[in-house]
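In the numbering used here, the protein residues as written are 966 to 1101.
Working notes, beginning with the structure itself.
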């Protein structure tokens, strides 16, 4: 599967909206990303062709099982990096989000497995969000 930051961000935000129990719609994503609804629709078509999301007219957007697995990986990477930056590198929790946004796109399962092993705890990030279990 081709990696793009934009795709990762869409999948991650759909995951987070579902995690929060919110309805995922084109309008919600348009507001979140500050882009037009047509831009969101175009990305959703791509994600649907990749079998990462299910989209039906007048129904909330849902991650497929393949999409959920992918989302778990991206979200776990992000939250593990935030934890690593706070716990190991002594960053302040409010300083780590942007750094984690960049590092989460690295395609190195070994790297993220080692990050997980270095942490004292790997179940919640510094902001209290659950870190999904994944094999990367």
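Idealized CB from N, CA, C, for every residue including glycine.
All values reported here derive from a predicted model rather than from experimental measurement.
Check, Outcome
"CA-to-CA distance, residue 1101 to residue 1049, given in whole angstroms", "17 Å"
"Inter-stretch contact at 8 Å, needing at least 3 Cβ pairs: the stretch 989 to 1006 / the stretch 1062 to 1070", "no"
"DSSP-derived helix/strand/coil call for residue 973", "helix"
"Whether residue 1069 touches residue 1043 by CB criterion (7 Å)", "yes"
"At least three beta-carbon pairs within less than 8 Å, the stretch 1021 to 1029 to the stretch 1070 to 1078", "no"
"Rounded straight-line distance, which links the Cα of residue 1099 to that of residue 1083", "16 Å"
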